[in-house]
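Under the working numbering, the first residue of the sequence shown is numbered 36, with each subsequent residue one higher. Ideal placement from N, C-alpha and C gives every residue a C-beta, glycine not left out. Presented below is the structure to which this report refers.
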Amino acid sequence: MPEGDTIHRAARTLHTALAGRTITRFESVFPQLSRARVTGRTVESVDAAGKHLLMHFSGDLHLRTHMRMNGSWHVYRPGERWRKRFSEMRIVLETDAWVAVAFNVPVAELLDSRSLARQNDLRNLGPDLLGETFDAEEAKRRIRALPDEEIADVLLNQRVVAGIGNEYKSELLFMTGVSPFTRVRDLGDEQLDRILRTARKVMVANVEMRSASRITTFSLDPSAKQYVYSRGGKPCRRCGTAIEYTRQGKDARGTYWCPKCQRAEG
Ligand SMILES: [Zn+2]
């Protein structure tokens, strides 16, 4: 599932391939994308904000896409066979050297800088864990503003802190020894600092590694990439207790945790 690191890595790859190049073909299944003329413009840059991918074109035009659960961007050489079916294609952007294809992307819009600045999801985004700088104090302030909520839910709230998805949520709370059901008001400053510090460190490392799959354990054993995520019923890598699983919060997102290593706080 695309989390902040996936999107930032995709943005880097797309930027390297496309920046400075002229768009020779632009097609989309979305009618709202056919209104502006994209062909003939230059790709100025590609970057990410939280889980949004932003392509900036010459002439004040910006393409915002959001991957939600299943979306992805691929880069191919012209004529190269796609790794997904044609029916999954949503956007094709072609230059002389590369073809960028968005598959199953559910959210896409073309904006000028004024509407981009006003875009609600972007404007309300919390500090980005993968941004060049990360304002941990502001992230903490936004977490503290939700004292009655459980920390696992708060970490998924992109308006609080941007970039964490469901997999990192479970992994980070295991790595910091915090129960996912702890209410924010019961967490100490030191614990919040540790959660945010660990999040930034692990997510930045995953962008740098360019590995196809996310690793939080940094184990050399390829079958041991996660501590708890997707490991319900299996033994905890630290203490051997069976990993538990439940659906948590108003969106019923899956949470994995070790009942022994992650205690409800006091
Ligand atoms: Zn354990």
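Under 8 Å between C-beta atoms of Gly106 and Asn159: no
Within the region 57–119, ranges of the beta strand (DSSP E) (whole runs, at least 3 residues): 60–63, 78–84, 87–92, 96–101 and 107–111
Under 8 Å between C-beta atoms of Leu145 and Leu98: yes
Euclidean distance between Cα positions of Thr290 and Arg235: 20 Å
Thr281 (DSSP reduced to helix, strand or coil): strand
Heavy atom of ligand 1 within 7 Å of Val77 beta-carbon: Here residue 77 is Thr; the residue named in the question, Val, does not match the sequence. It does not: the Cβ of Thr77 is nowhere closer than 7 Å to a heavy atom of ligand 1.
Bridge partner(s) assigned by DSSP for Val189: None, per the DSSP bridge assignment.
Given Arg72 as reference, the closest of Glu79, Ser80 and Glu62 once Cα atoms are compared: Glu62
Residue ranges of each alpha helix (DSSP H) within the region 192–225, 4 or longer: 201–210
Pocket of ligand 1 defined by Cβ to heavy atom distance under 6 Å: Cys271, Arg273, Cys274, Thr276, Cys293, Lys295 and Cys296
For Trp292: DSSP bridge partner residues: Glu279
Whole-angstrom C-beta distance between Lys175 and Leu231, which should lie under 8 Å: 7 Å
Coarse secondary structure for Leu164, derived from DSSP in three states: coil
Simplified DSSP state of Leu157, which is helix, strand or coil: helix
Residue span of the beta strand (DSSP E) that contains Ile126, given as start and end: Met124 to Glu129
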